[in-house]
Amino acid sequence: MNKWSWMLTCFFGVIILILMVFLLTTEENNHAENEYTFQQHDKVRQQKMDHREYQTEITLGAVGDILVHNTVYQDARTPNGFDFRPMFELVRNSMQTPEITFANQETIIGGKELGLSSYPQFNSPYAVGDALKDSGVDVVSMANNHTLDVGEEGIMNATNHFNQLNISYVGANRSLEDQKRDRILKANGISIGFLAYTYGTNGLQRPSDKPYLVQYIDDNTLIKDIKKLKQKADFVVVSLHFGQQYVRLANEAQKLLVKEASQAGADIILGHHPHVLQPVDWIKKENGERSFVIYSLGNFLSGQSELYQRIGGVLHIDLEKSIDQNNDTQYSLSNARIMPTYMYRPNYKNYKIVPLHQADQYGLKQAKELYQEIQGHMKTYTDKIKVVPEL
Numbered sequence: 001m002n003k004w005s006w007m008l009t010c011f012f013g014v015i016i017l018i019l020m021v022f023l024l025t026t027e028e029n030n031h032a033e034n035e036y037t038f039q040q041h042d043k044v045r046q047q048k049m050d051h052r053e054y055q056t057e058i059t060l061g062a063v064g065d066i067l068v069h070n071t072v073y074q075d076a077r078t079p080n081g082f083d084f085r086p087m088f089e090l091v092r093n094s095m096q097t098p099e100i101t102f103a104n105q106e107t108i109i110g111g112k113e114l115g116l117s118s119y120p121q122f123n124s125p126y127a128v129g130d131a132l133k134d135s136g137v138d139v140v141s142m143a144n145n146h147t148l149d150v151g152e153e154g155i156m157n158a159t160n161h162f163n164q165l166n167i168s169y170v171g172a173n174r175s176l177e178d179q180k181r182d183r184i185l186k187a188n189g190i191s192i193g194f195l196a197y198t199y200g201t202n203g204l205q206r207p208s209d210k211p212y213l214v215q216y217i218d219d220n221t222l223i224k225d226i227k228k229l230k231q232k233a234d235f236v237v238v239s240l241h242f243g244q245q246y247v248r249l250a251n252e253a254q255k256l257l258v259k260e261a262s263q264a265g266a267d268i269i270l271g272h273h274p275h276v277l278q279p280v281d282w283i284k285k286e287n288g289e290r291s292f293v294i295y296s297l298g299n300f301l302s303g304q305s306e307l308y309q310r311i312g313g314v315l316h317i318d319l320e321k322s323i324d325q326n327n328d329t330q331y332s333l334s335n336a337r338i339m340p341t342y343m344y345r346p347n348y349k350n351y352k353i354v355p356l357h358q359a360d361q362y363g364l365k366q367a368k369e370l371y372q373e374i375q376g377h378m379k380t381y382t383d384k385i386k387v388v389p390e391l
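Printed below as a string of structure tokens:
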């Protein structure tokens, strides 16, 4: 090999060596950069997991007294039994829309084997429960002044049928074990606990060895039960059978009991017994949160005849649960609204629950004026309620 060939070979060798070093360095730098990028991405992803935000919301629906007089169940009679479903036809959608819907089952559905009966001691067909299920009802209160109308057997028959329908019941129980069972319903990541109590049972006495059959209002028990359930559920709904019949405004005893329930942790209080609509209110708790109360939801389905006894409503209220970046959980109630209803039943037949704003089509000549009056009445204590023609 001559001098020039040797020099040329050395030159190309150096060039190749430089290229190899450059490529190796670039690959190492790229690997390091990719590793850094991956680590940063993983760190950010982990931070998002540790400080994630979460928000969910549901609507709770509620209707008032299902008070089945003999004229109501006679109108529901069919060749094969009873069918109450047509009575709910015009309000069914508003009852089915909420994720969870409550009703006050005022009369025991003990079935015809116990003998159907009307005022003053009621017993209703099982088909009432079937109609509630069809209309979207998920939970009923059985704590009222008629709970003991047909004794323990009536409670057993009614609760057995509700169990078959997968409708939760509260305020009356089959046993001590049943009484201890929490009534907590869940939807969209939100849990709602239900409690129910009545002022009395029309002088009928529950057996002393079976206090679980019906829940009476007792301040100490009420407060203890609310606090206990509040530890297990996001929201607590309390049904109270109280107040004075046919009086359209809450009395001081109602207001005091509602305040006590609110301070104990109740989020929503649903009132019954007056058989007429009473206004709503918002109660401020000591922790700054608010409770919502409707002092009476009035009659929803009944055979009572006076004008205000025939006006009820479908209530909707939104419940929200959120978790912020610090993993603190917040709960709130909002957008309370009620659709007034009217019990149409010409000559105590063809019973049908209709939205009040449509009642002029069902013979109620003053329907529009009455709707305006109900709007003002429901806002007697607060204007933080929407009275709407439909839901």
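The opening position of the sequence shown corresponds to residue 1 in the UniProt record's numbering, with each subsequent residue numbered one higher.
Beta carbons are placed, not taken as given, at the ideal position from N, Cα and C, and that holds for glycine.
Only residues of its own chain outside the window of five on either side were considered, and among them Gln263 have a CB closer than 8 Å to the CB of Glu286, listed in chain order. If you draw a straight line from the Cα of Tyr308 to the Cα of Asp225, it comes to about 34 Å. When C-alpha distances from Gly298 are compared across His241, Tyr216, Gly200, Ile155, the shortest belongs to His241. Cβ contact annotation for Ile167 (same chain, cutoff 7 Å, sequence separation greater than five): Gly129, Leu132, Lys133, Val137, Asp138, Val139, Val140, in chain order. Here Ala62 is bridged, per DSSP, to Phe102, Leu315. With distances taken between CA atoms, Leu270 lies nearest to Phe102 out of Phe102, Met378, Tyr212. In the DSSP annotation of this structure, the continuous segment of the alpha helix (DSSP H) that includes Ile374 starts and ends at 367-378. DSSP places Val236 in the uninterrupted beta strand (DSSP E) bounded by 235-241. Closest in C-alpha terms to Phe292, from the list Asp383, Arg181, Glu89, comes Asp383. Exclusion of the five residues before and after Arg206 leaves Leu148, Leu213, Val214 as the residues of its chain whose Cβ lies within less than 8 Å of its Cβ. Take the alpha-carbon of Met87 and the one of Gly64: they are about 15 Å apart. For the 9 Å CB-CB criterion, Val388 and Arg310 do not form a contact. Remark: C-beta atoms of Lys228 and Ser191 do not approach each other more closely than 9 Å.
Selection Asn80, Arg92, Arg77 evaluated against Phe300 yields Arg92 as nearest (Cα-Cα). In the DSSP assignment, Arg290 forms a beta bridge with Lys284.
Restricting attention to Pro98, His69, Ser94, Thr97, the CA atom closest to the CA of Phe84 is found in His69. Per DSSP, reduced to three states, the secondary structure at His146 is coil, with no helix or strand assignment. Beta bridge pairing from DSSP links Ala250 with no other residue.
According to the DSSP assignment, Phe300 belongs to the beta strand (DSSP E) that extends over 299-302.
Looking from the CA of Val276, the closest CA among Ala172, Gly171, Tyr246 belongs to Tyr246.
DSSP places His161 in the uninterrupted alpha helix (DSSP H) bounded by 151-165. The stretch 193-203 and the stretch 155-175 touch, with no fewer than 3 CB-CB distances between them shorter than 8 Å. In terms of Cα proximity to Gln164, the closest of Asp178, Arg183, Asn188, Tyr126 is Tyr126. Annotation: the continuous alpha helix (DSSP H) that includes Arg92 extends over 92-96.
Thr59 places its beta carbon less than 9 Å from that of Thr97. Our two residues, Leu90 and Asp209, have alpha carbons roughly 44 Å apart in a direct line. Secondary structure at Gly136: coil, using DSSP grouped into helix, strand and coil.
Excluding its 5 nearest sequence neighbours in each direction, Asp324 has C-beta neighbours in its own chain below 8 Å: Glu53, Gln330, listed in chain order.
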